[in-house]
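Working notes for the structure below.
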Amino acid sequence: MEIRITSLDTIRDAAKEFAANMGDSRVFAFYGKMGAGKTTFIKALCRELGVEDVITSPTFAIVNEYTAAGGNPVYHFDFYRIKKLEEVYDMGYEEYFYDGGLCLIEWPELIEELLPENAVRVNISEQADGTRLIKF
Numbered sequence: 000m001e002i003r004i005t006s007l008d009t010i011r012d013a014a015k016e017f018a019a020n021m022g023d024s025r026v027f028a029f030y031g032k033m034g035a036g037k038t039t040f041i042k043a044l045c046r047e048l049g050v051e052d053v054i055t056s057p058t059f060a061i062v063n064e065y066t067a068a069g070g071n072p073v074y075h076f077d078f079y080r081i082k083k084l085e086e087v088y089d090m091g092y093e094e095y096f097y098d099g100g101l102c103l104i105e106w107p108e109l110i111e112e113l114l115p116e117n118a119v120r121v122n123i124s125e126q127a128d129g130t131r132l133i134k135f
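Take a look at the structure:
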């Protein structure tokens, strides 16, 4: 599936369309270059899912936990600063990835071998005209 974001004004619509097509999947790995819009899109998606908490990038914390509508947990990961896989083991990643909560992962290429087999790979890319294309 492809979703195009033409401007920040349309990101909420894109997040709504993405949410409607998530199915039963629980782990989403967001791939994209620095500045492609991964964090911005995840923030919009969290809002669409009913998260009322302040949504920030977990760059230094590695994971932020939010509560979506209905009390469901949402885990937002940013593995950009991970130096070695032991850090991910130490944080107890399995409890997050396999507990049934929604996992939204930035920089998954740094922990590729730890991703569940059923993780949905989402690619966000900036197009020549400045729009963003989301493929999953």
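When you number the sequence shown by numbering that gives the first Met the number 0, it's gap-free, plus one each residue, and the end is 135. Where is the CB? At the ideal position from N, CA and C, for every residue including glycine. The structure presented is a predicted model; accordingly, all values stated were derived computationally and were not measured.
Leaving out five residues before and five after Tyr92 in sequence, what residues of the same chain have Cβ atoms less than 7 Å from its Cβ? By 1-based counting over the sequence shown, the position of residue 92 is 93. Closer than 7 Å at Cβ, skipping near neighbours: Leu113.
I'd like to know whether the C-beta of Ala68 is nearer than 7 Å to at least one C-beta of chain D. This model lacks chain D altogether; it includes just one protein chain.
Following the continuous beta strand (DSSP E) through Leu132, name the residue where it begins and the one where it ends. The sequence position of residue 132 within the sequence shown is 133, counting from 1. For Leu132, the enclosing beta strand (DSSP E) begins and ends at Arg131 to Lys134.
DSSP puts Val73 in a beta bridge; with which residues? Position 74 of the sequence shown, counting from 1, holds the residue named residue 73. Paired residues: Tyr65 and Leu101.
What number of angstroms, rounded off, separates the C-alpha of Met33 from the C-alpha of Gly70? Within the sequence shown, the letter at position 34 stands for residue 33. Within the sequence shown, the letter at position 71 stands for residue 70. The straight-line gap from Cα to Cα measures roughly 31 Å.
Mind checking whether Ala35 and Glu125 have CB atoms under 7 Å apart? Numbered from its first residue, the sequence shown carries residue 35 at position 36. Numbered from its first residue, the sequence shown carries residue 125 at position 126. Yes, they are a contact pair.
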